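A.B. asks: This is the structure I have questions about; it appears just below.
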Amino acid sequence: MAIPKIVGIETEFGIMVRGTLDWNPVSASSLLINAYVGTEVGSVDDRATPIAWDFIDEMPGADARDIMPPEFALPPEVETHLVNAVLTNGARYYVDHAHPELSTPECRDALSVVLYDRAAELILVESMRAADEALPPGQEIVIYKDNSDRKGNAYGCHENYLLDRNLPFGQIITAATTHFVTRQIFTGSGKVGTELPGRTRSEIPYQITQRAEHFEEEVGLETTLKRPIVNTRDEPHADSQKYRRLHVIVGDANMSQVATFLKVGTSAILFAMLEDGALTMLPLDDPVPAMHQVSHDLSLSEPLRMADGTTMTALEVQWNLLEQAKAWADSHGLDAVGESCGKLVLERWEEILSGLESDPMSLAGQVDWIAKKRILEGFMARHDCGWDDSRLGALDLQYHDLRPAKSLAAKAGLETLVDDEDAEIAIEEPPQDTRAYFRGKCLQKFADQVVAANWDSIVFDVGDDPLRRVPMLEPGRGTVEYVGSLLEESETVSELLEKLGA
Amino acid sequence: MADREQVRKDAPRRQEQEEVAEEAPASSEQGEALKAELDDLLDEIDEVLETNAEDFVKSYIQKGGQ
């Protein structure tokens, strides 16, 4: 039986300092995050506490294929010396690879992910404001929610799904690869030009995704070089006997909430179907070229070669997966992905595929690459220019600018699924239905005694005794249901630990 | 392959497409509204677009990440 699809996303943001040529991205990212976590600390409603991240369980070099990484594939480094904060909503906010990065708390369904992703955007907006107060006059930090500088350098928006450890990894690879290649038609954020060596903008003026061209392998451990479509990092941040965390690195960061919702929602459904043995695979013949092909095919009509020798378009593959998902929902129910959320995913999935098939431009309020294309084509018609005009590159970047007054995405009339008032609350409040609740509430209530925290434990200082580590190996526990009253009744950490039996 | 064909034919979008086609006269009005909306958006974009586009695009250099 499928297990609850607990999910979270981690976004690396693009960063620039305007008004000076003398800046570096690591210091700017540190300043940005420190400015945010330094605001109002110590006040009753502090939104963030500078609690250190605890690196004790980090093993990003572990490989799901159970093999030692070859010599040339060095495991990713853990950068323990850079800014790393845990927020009261259960999120992690830190500097990674010269980018500010924010990981949402663990969420129980795709709609909750959309809420915490919107909260993350608002956190970055507030960070920019706070950082500007610390910068010399005339300087400004600007954050972009995109995935590439259009010059060959990419950074990620990763999704993480909780899977049953018993599911054979080979099955995950086949199912995930086909979905990741074909879902691009509604998850892509759009990009002007190409970053493939030897290709030019006159050949590829515009494409569906930012990330596709940065993928060179089918399966592997890497995340920064020779990126694979399926990443094998085996670091569950949970009970490793029971769970796997599938670390998905192929996605674009989305400005459209509907796109984020479907990116996460459709993937969660397919992984749940796989656990139920209810998914008929549609393996692709050659996934890496297919991934590039789908991103370059604005007509959505080019056939992809399947492993059985037949051909299907990306849209046809998605129709097939949707029909299978609907049959699965009828036979197994939608508990694993959240009943009402799952229903909404199926409805919106169908609506989006219908729109892509009949009139893609009708989805300019839902799909980022289409919203951006509408702006670019409108601009070209108005100013009588072509794809080579440098203003198109500026429009492409500015679509992702997170400053509310400058962001083109904010002006594009994108449909929203969550209210900003709720997202404002989610900046400080954790989700109630995952272990993020326990992490966030402990930070709110006992900030002074939390020494460090990470995804699966919290370390408390209770005075004279040695430090006490509370493990949280079950992502579905530590919820308001499990520990709500316990947390409320505990006046001190010692009381809390006693009640937990820790 | 037979299964796949069947799924395609059963998919409900066929019907919807036909309905859209029948509503064609109404959609020209809708088209005007969409055009006006895009014009407003482009007006707004002309106001906020980075002034020196070429320098801006050139200076947007990021370190590779994950």
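Protein chains in written order, with the working numbering: chain A, 1198 to 1699; chain B, 31 to 96.
Every residue, glycine too, gets a C-beta built ideally from N, C-alpha and C.
For clarity, every value in this text was computed on a predicted model and none was experimentally measured.
(1) At a CB-CB cut-off below 9 Å, which residues of chain B make contact with Glu1499 (chain A)?
(2) So which residues on chain A does Ala83 (chain B) lean against when the C-beta distance must stay under 9 Å?
(3) I want to know whether the region 1556-1573 of chain A touches the region 1375-1388 of chain A - three or more CB-CB distances under 8 Å.
(4) Helix, strand or coil for Glu1298 (chain A) per DSSP?
(5) Taking a cut of 8 Å between CB atoms, which residues from the region 1608-1631 of chain A lie near chain E?
(6) What is the DSSP secondary structure of Ala1351 (chain A), reduced to helix, strand or coil?
(7) Strictly under 8 Å for the Cβ-Cβ distance: is Ala1504 (chain A) near chain B by that measure?
(8) Going by beta-carbon coordinates alone, are Ala1409 (chain A) and Ser1492 (chain A) separated by less than 8 Å?
(9) Quick check: what's the CA-CA separation for His1376 (chain A) versus Leu1550 (chain A)?
(10) Would you check if the distance between the CB atom of Glu1671 (chain A) and the CB atom of Asp1436 (chain A) is smaller than 8 Å?
(11) Check whether the Cβ of Glu80 (chain B) lies closer than 8 Å to any Cβ atom in chain A.
(12) Any C-beta of chain B within less than 9 Å: which residues of the region 1287-1301 of chain A qualify?
(13) What distance in whole Å lies between the Cβ atoms of His1444 (chain A) and Asn1357 (chain A), which are believed to be in contact at a cut-off of 8 Å?
(14) Strictly below 9 Å CB to CB, what residues from chain B border His1355 (chain A)?
(15) Within its chain, find whatever has a CB closer than 6 Å to the CB of Ala1469 (chain A); leave out the 5 residues flanking it on each side and keep chain order.
(16) How about Glu74 (chain B): is its C-beta nearer than 8 Å to some C-beta of chain A?
(17) Go ahead and pull the three-state DSSP assignment for Pro1365 (chain A).
(18) Leaving out the 5 sequence neighbours to the left and right, which residues in its chain are closer than 7 Å to Met1558 (chain A) when beta-carbon positions are compared?
(19) Could you give the C-beta distance for Ala1450 (chain A) and Lys1569 (chain A), rounded to a whole number, given that I count them as a contact under 8 Å?
(20) Determine, using beta carbons only, whether Met1167 (chain A) comes closer than 8 Å to chain B.
(21) With DSSP collapsed to three states, give me the class of Asn1517 (chain A).
(22) Please name the residue or residues paired with Val1339 (chain A) in a DSSP beta bridge.
(23) Along the alpha helix (DSSP H) that carries Ala1282 (chain A), what are the first and last residues, could you check?
(24) Report the rounded CA-to-CA distance for Ala1504 (chain A) versus Ser1399 (chain A), giving the unit in angstroms.
(25) In angstroms, rounded to a whole number, what distance separates the CA positions of Lys1696 (chain A) and Leu1683 (chain A)?
(26) Pull up the DSSP beta-bridge partners for Arg1262 (chain A), would you.
(27) Measuring alpha carbon to alpha carbon, tell me which residue in A:Ala1524, A:Val1647, A:Ala1328 and A:Arg1396 is nearest Lys1348 (chain A).
(28) Looking at chain B, is there any beta carbon in it that lies within less than 8 Å of the beta carbon of Gln1595 (chain A)?
(29) Flag Pro1663 (chain A) as yes if its beta-carbon sits less than 8 Å from any beta-carbon of chain B, otherwise no.
(30) So Leu1321 (chain A) packs on Leu1501 (chain A), CB below 8 Å; how close in whole Å?
(31) Within 10 angstroms of the Cβ of Phe1252 (chain A), are there 16 or more other Cβ atoms? Answer buried if so, exposed if not.
C.D. replies: Short version:
(1) Identification of chain B residues near Glu1499 (chain A) by a Cβ-Cβ cut-off of 9 Å yields none; the smallest Cβ-Cβ distance measures about 17 Å.
(2) Ordered by position in chain A, the residues that pass the 9 Å Cβ test against Ala83 (chain B) are Asp1586, Ser1587, Arg1588, Leu1589, Gly1590, Ala1591 and Leu1592.
(3) Yes: the two stretches touch, three or more of their Cβ pairs being nearer than 8 Å.
(4) Assignment of Glu1298 (chain A) by DSSP, reduced to helix, strand and coil, places it in the strand class.
(5) Here the protein chains are A and B, and chain E is not one of them.
(6) Residue state, collapsed to three classes: strand.
(7) For Ala1504 (chain A), no CB of chain B lies under 8 Å from its own CB, so it is not counted at the interface with that chain.
(8) Annotated as proximal: Ala1409 (chain A) and Ser1492 (chain A), with beta-carbon spacing under 8 Å.
(9) Distance between the alpha carbons of His1376 (chain A) and Leu1550 (chain A): 14 Å.
(10) Closer than 8 Å, so yes.
(11) Taking a beta-carbon distance threshold of 8 Å, Glu80 (chain B) counts as an interface residue toward chain A.
(12) Result list: Asp1293, His1294, Ala1295, His1296 and Glu1298.
(13) Rounded, the Cβ-Cβ distance is 6 Å, consistent with contact.
(14) Residues of chain B passing the Cβ test: Gln96.
(15) Close CB contacts of Ala1469 (chain A) within its chain, under the 6 Å cut and outside five residues either way in sequence, are with Ala1199, Lys1202, Ala1533 and Val1534 (chain order).
(16) Yes, because at least one Cβ of chain A sits closer than 8 Å to the Cβ of Glu74 (chain B).
(17) When secondary structure is reduced to three states using DSSP, Pro1365 (chain A) falls in the coil class, being assigned neither helix nor strand.
(18) Result list for Met1558 (chain A): Ile1567 and Arg1571, in chain order.
(19) Rounded to the nearest angstrom, the Cβ distance from Ala1450 (chain A) to Lys1569 (chain A) is 13 Å, too far for a contact under 8 Å.
(20) For residue 1167 (chain A) there is no data in the structure shown, the boundaries of chain A being 1198 and 1699.
(21) Asn1517 (chain A): helix per DSSP, three-state reduction.
(22) DSSP links Val1339 (chain A) through a beta bridge to A:Met1213.
(23) Under the DSSP assignment, Ala1282 (chain A) falls outside any alpha helix (DSSP H), being part of the beta strand (DSSP E) whose first and last residues are Asn1281 to Leu1284.
(24) Roughly 32 Å separates the two Cα atoms.
(25) Between Lys1696 (chain A) and Leu1683 (chain A), the C-alpha separation is close to 7 Å.
(26) Looking at the DSSP assignment, Arg1262 (chain A) forms no beta bridge with any residue, so it has no partner.
(27) Checked all of A:Ala1524, A:Val1647, A:Ala1328 and A:Arg1396; the closest Cα to Lys1348 (chain A) is A:Arg1396.
(28) At least one chain B Cβ lies under 8 Å of Gln1595 (chain A).
(29) The C-beta of Pro1663 (chain A) comes no closer than 8 Å to any C-beta of chain B.
(30) The beta-carbon separation of Leu1321 (chain A) and Leu1501 (chain A), rounded to 36 Å, does not stay under the 8 Å limit for a contact.
(31) The residue in question, Phe1252 (chain A), is exposed, as its Cβ has fewer than 16 Cβ neighbours within 10 Å.
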